[in-house]
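For the sequence shown, this note's numbering assigns the number 12 to the initial residue and increments by one for each residue that follows. Don't be surprised by glycine CBs; every beta carbon is placed ideally from N, CA and C. Since the model is a prediction, treat every value here as computed from it, not as a measurement. Taking it in order: structure first as structure tokens, then the write-up.
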Amino acid sequence: MFSIGEILDGRVTGLTKFGAFVSLPDNKTGMVHISEVASSFVNDIGDYLKEGQEVRVMIIDITDDGKIALSVKRAADGGVKPKSEKKKEAAPVNTWKGTPEREQPQTFEDMMAQFKQRSDEKLADLKRATDSRRSSYSRRK
Numbered sequence: 012m013f014s015i016g017e018i019l020d021g022r023v024t025g026l027t028k029f030g031a032f033v034s035l036p037d038n039k040t041g042m043v044h045i046s047e048v049a050s051s052f053v054n055d056i057g058d059y060l061k062e063g064q065e066v067r068v069m070i071i072d073i074t075d076d077g078k079i080a081l082s083v084k085r086a087a088d089g090g091v092k093p094k095s096e097k098k099k100e101a102a103p104v105n106t107w108k109g110t111p112e113r114e115q116p117q118t119f120e121d122m123m124a125q126f127k128q129r130s131d132e133k134l135a136d137l138k139r140a141t142d143s144r145r146s147s148y149s150r151r152k
């Protein structure tokens, strides 16, 4: 029947907050998770897909109970890259600005890692400021 890595044409039959259902050949249905719609962050799936739209998808997983996981972005990229190509190279640094230049949009994982790092730094700064205020006050009896 179907195999992982196979690229098929289908039709979007339904949209949800978390993904899209796609009708496949042989009266099968698969689901494209919102993270597999585009290479960039997708806030609203309706910005990328519409019901009735023809899409090219890649099968990325088939569960034991027959559920089919699909990807639009991997079908567009031509498939899954080998692990040796997945490692990211360091982004070139623009010495004038001191900020990395990116050739491609950031992945969701990159954005989440940056958000976590900034959040941890802000929490540490807040804790230092709060602790210094507490030590400067003295309690009177």
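Just mark residue i as buried or exposed, buried being the case when its beta carbon has 16 or more other beta carbons within 10 Å.
i	result
L26	buried
G57	exposed
R139	exposed
G63	exposed
R85	buried
A31	buried
L134	exposed
Measure the Cβ-Cβ separation of residue i and residue j and say whether it is below 7 Å.
i	j	result
I15	I70	yes
V83	G21	no
I45	V53	yes
Could you work out which residue in the options is closest to residue i when comparing CA atoms only?
i	options	result
M12	A124, D20 and K39	K39
G41	Q125, L19, L137 and F119	L19
K28	L60, D76 and E132	L60
Just verifying my parser: in three-state terms, what is the DSSP assignment at residue i?
i	result
R113	Because the pLDDT at R113 is just 48, under 50, the model does not fix this residue reliably, and the value given afterwards should be weighed accordingly. R113 falls in the coil class under three-state DSSP.
K39	strand
K99	Caution applies to K99, whose pLDDT of 46 falls short of 50 and renders its modelled position unreliable; the model cannot decide the point.
T24	strand
- Return the chain-ordered ranges of every alpha helix (DSSP H) run that is complete within the region 49 to 95 and spans a minimum of 4 residues. Correct list: 83 to 88.
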